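Heads up, the thing below is written out as C-alpha cells.
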Amino acid sequence: MKIGDSLNNMEDKGRPIIIAVFLLCLSMIVLIAVGIIQKFIGMNLLGQFFSVIALLISFVLIGKIVFNVNYSGLFKEIKLSKCDCMDNLLITMFLSSVFALISILIYHIDFMINPDKIKSIGYFIKTATSDNNYTNSSLDMLALIIIISIGVAAEEIFFRYTAYKIFVKKKEDIKIFIILISIVFGLYHFSSISRFIETLVLSIFLSIIYVMTKSVVYAFISHALWDCVTVISSVFMVYFKDINTSMFVGQGIIAEIIMIFLLVVLSIYSYCKRGHILSLNIRNKIHSIKNI
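Read in order, the letters of the sequence shown correspond to residues 983 to 1274 in our numbering.
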C-alpha cells in the first residue's frame, strides 16, 4: 500500500496534521532538488525555465504516485472554468485586492519595526543597474513572465488541487484544508517572518478563491497576476522614490492599483451586460463560505 493511501485511510483526528507535515517535507525536498538543478544550469532564463518545468513535473508526480490523485479532474476544472466566468473573475479580483492591501500593511509594519535601508525603495532605485541584464529587453521580460506563470501553475496544482483532493473528504474539512495548506505554503516560501506571514495570507485567499470558484484557473490567475506584477513593478518604482518604506510596499501598491482597476472595469462591464454585478448564484456561494 502506498504511503499516501495509508494517510488517506486514516481515521485519526491527527490525520490532517500528519498529511500537512508530509506535504511540507515533500515540497521542501522538491524545492531543494529544483535549487540544485538551477545552480547546475545557472540563474539565467534557461536555468529558470528548466527549474520550473522540474517543479511542475515533480509536484504532479508526487500527487499521482504518492497520493494517487486523479488529474483528469484538473482538466475538467479547467474546461468548466468558463461557467460563471464573470462572477468568478469578480470574486478573484475582489479577494486579490483585499490581499494586496493586507500585504502592503504587513511589509510596511515590518519596515517600521526594522527599517533596513537595503529593503527601501530609494536604495532599490539607486542600485537598479544592468545587473539583472536578462530582463533588459521586452522579450526577456515576456520570457520571465512565462517562467513565473509555469511556476505558479505548478504551485497551484500542488497546493490547491492536489491538497484539496487529499484533505477534503467532507464539507467540514474545507476549513482545515485552508488553514493547514496555508501554513505549509508559508513555510515553503519562508525567508523571513514577514515573507512567511504574507505567503500564508496569500494562500488563505487563494484557497478561498479555489473553494468558491471550484476551479484552479482562478487561483492561478490571482497568484500569477500578483507574481508578475512584482516583476514589472520595478519599472514604476521611481514614482515612489520619495516614500520612506520597503520596495515590497511599493510592489503591493502597484498590485493594488492594478487589481482595483480590473475589479472596477469588470464590475462596470458586468452591470452593463447583465444589469447586475454579482448573480444570485454567486451571492449564495459567498453566503455558504461564511457558514463553513
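Quick reminder that beta carbons are idealized off the backbone N, C-alpha and C, glycines included. For clarity, every value in this text was computed on a predicted model and none was experimentally measured.
- Take HIS1205, set aside five residues on each side of it, and the residues of its chain with a beta-carbon closer than 8 Å to its own are VAL1134, GLU1137, GLU1138, LEU1184, LEU1188, in chain order.
- Between the segment 1078-1093 and the segment 1163-1183, the count of C-beta pairs closer than 8 Å reaches three or more; the two stretches touch.
- With a 10 Å radius around the Cβ and a threshold of 16 neighbouring Cβ atoms, VAL1193 comes out buried.
- With distances taken between CA atoms, ILE1014 lies nearest to TYR1170 out of LYS1255, VAL1217, TYR1170.
- Distance between SER1197 and LEU1071, taken at the CA atoms: about 11 Å.
- For the pair of segments examined, the segment 1147-1155 was found not to touch the segment 1210-1219: the number of CB pairs separated by less than 8 Å stays below three.
- Each of LEU1027, LEU1248, PHE1230 was checked against the Cα of LEU1121, and the nearest Cα belongs to LEU1027.
- Listed in chain order, the non-local C-beta contacts of ARG1142 below 7 Å within the same chain comprise LEU1188, SER1189, TYR1192, VAL1198, ALA1201, local neighbours out to five positions each way being set aside.
- Under the three-state reduction of DSSP output, SER1228 falls in the strand class.
- DSSP places SER1102 in the strand class (E or B) of the three-state scheme.
- When C-alpha distances from ALA1082 are compared across ILE1259, ILE1250, LEU1260, ALA1237, the shortest belongs to ALA1237.
- In the three-state reduction of the DSSP assignment, GLU1059 falls in the helix class.
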